[in-house]
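Novice:
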Amino acid sequence: DAGVTQSPTHLIKTRGQQVTLRCSPKSGHDTVSWYQQALGQGPQFIFQYYEEEERQRGNFPDRFSGHQFPNYSSELNVNALLLGDSALYLCASSPLVERSTDTQYFGPGTRLTVL
Amino acid sequence: EDQVTQSPEALRLQEGESSSLNCSYTVSGLRGLFWYRQDPGKGPEFLFTLYSAGEEKEKERLKATLTKKESFLHITAPKPEDSATYLCAVTTGANNLFFGTGTRLTVIP
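Protein sequence lines correspond, in order, to chains A and B.
Heads up, the first sequence is in our numbering, so the first residue is 21 and it goes up one at a time.
Heads up, the second sequence is in our numbering, so the first residue is 172 and it goes up one at a time.
#1: On the CB-based measure, 16 or more other CB atoms within 10 Å of its CB, does residue 220 of chain B come out buried or exposed?
#2: If you measure from the beta carbon of residue 243 of chain B to each beta carbon in chain A, is any gap under 8 Å?
#3: Assuming residue 96 of chain A contacts residue 214 of chain B under a Cβ cut-off of 8 Å, what Cβ separation, rounded to an integer in Å, is found between them?
#4: Look up residue 203 of chain B in the DSSP assignment and say whether it is helix, strand or coil.
#5: Ignore the nearest five residues each way along the sequence and tell me which others in residue 73 of chain A's own chain have a CB closer than 8 Å to its CB.
#6: Specify the secondary structure class of residue 103 of chain A as computed by DSSP and reduced to three states.
#7: Since residue 53 of chain A and residue 124 of chain A should fall inside the 8 Å C-beta cutoff, what is the C-beta to C-beta distance between them, to a whole number of angstroms?
#8: Whose C-beta lies closer than 7 Å to the C-beta of residue 179 of chain B among residues of the same chain, with five residues either side of it excluded?
#9: Of all Cβ atoms in chain A, is any one closer than 8 Å to the Cβ of residue 176 of chain B?
#10: Measuring alpha carbon to alpha carbon, tell me which of A:70, A:35, A:104 ends up nearest residue 49 of chain A.
#11: Compare the beta carbon distance of residue 121 of chain B and residue 206 of chain B with 8 Å and say whether it is the shorter of the two.
#12: For residue 258 of chain B, does the count of other Cβ atoms within 10 angstroms reach 16, so buried, or fall short, so exposed?
Below is the structure:
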């Protein structure tokens, strides 16, 4: 049973560019959440997708946007990259958004470096 | 404002030396508390979910407990392969996790 997968593994961009990160959830999961983890910090919630809609959003600017596809996979897009966007971006999946105590399972992450 | 504080920030143990990590939280309406293990450059790996005060869960050398204000992760007779960052997270609903900054554990052979 494949777990959560993310691509690419690493990415290097320059300031002002745009980036798209991809995530496939664990089999049987339909909810995808994205987190940003700066070096030495805990992950911070960006947003969550369920039924192809953004259901909840953390304290991140509109430069961060996402999408969920009918097969439950998801993309995270970041526009106008800043140096401060350099981080490990984590995708997590869970069975149902309404069951708020369900465990989230994380992928390996995408390391984004902005120069 | 919701807050999760983990202590200590870093912990060095000799192999076999048992200890505990602390996660204290101030949230409105705790729905669940989670412990994850994270190796450098990798995604967090799920360990435990605790839902109510008094609950305990065990897995190999790890045991997690929960009170109304904090959770402990007890590590019994740790081995070098237990070296990692241990993250605590809480949810108050709607499935988003609020994380602490983690405890970096190093177990010396």
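We treat Cβ as the ideally placed atom computed from N, Cα and C, and that holds for glycine.
Nothing here was measured: the structure is a model prediction, and the numbers come from that model.
Specialist: On the basis of the supplied data:
#1: Residue 220 of chain B is buried by the Cβ-count criterion.
#2: Judged by the 8 Å Cβ criterion, residue 243 of chain B is not in contact with chain A.
#3: Contact between residue 96 of chain A and residue 214 of chain B does not hold, since the beta-carbon distance rounds to 14 Å and is not under 8 Å.
#4: DSSP places residue 203 of chain B in strand when its eight states are reduced to three.
#5: The residues are 88.
#6: Correct three-state label for residue 103 of chain A: helix.
#7: Indeed, because the Cβ distance is near 6 Å, the residues count as touching under 8 Å.
#8: So the qualifying residues of the chain are 274.
#9: The beta carbon of residue 176 of chain B does not come within 8 Å of any beta carbon belonging to chain A, so the residue lies off that interface.
#10: The candidate whose alpha carbon is nearest that of residue 49 of chain A is A:70.
#11: Because chain B here runs from 172 to 280, residue 121 of chain B falls outside it and cannot be looked at.
#12: So residue 258 of chain B counts as buried.
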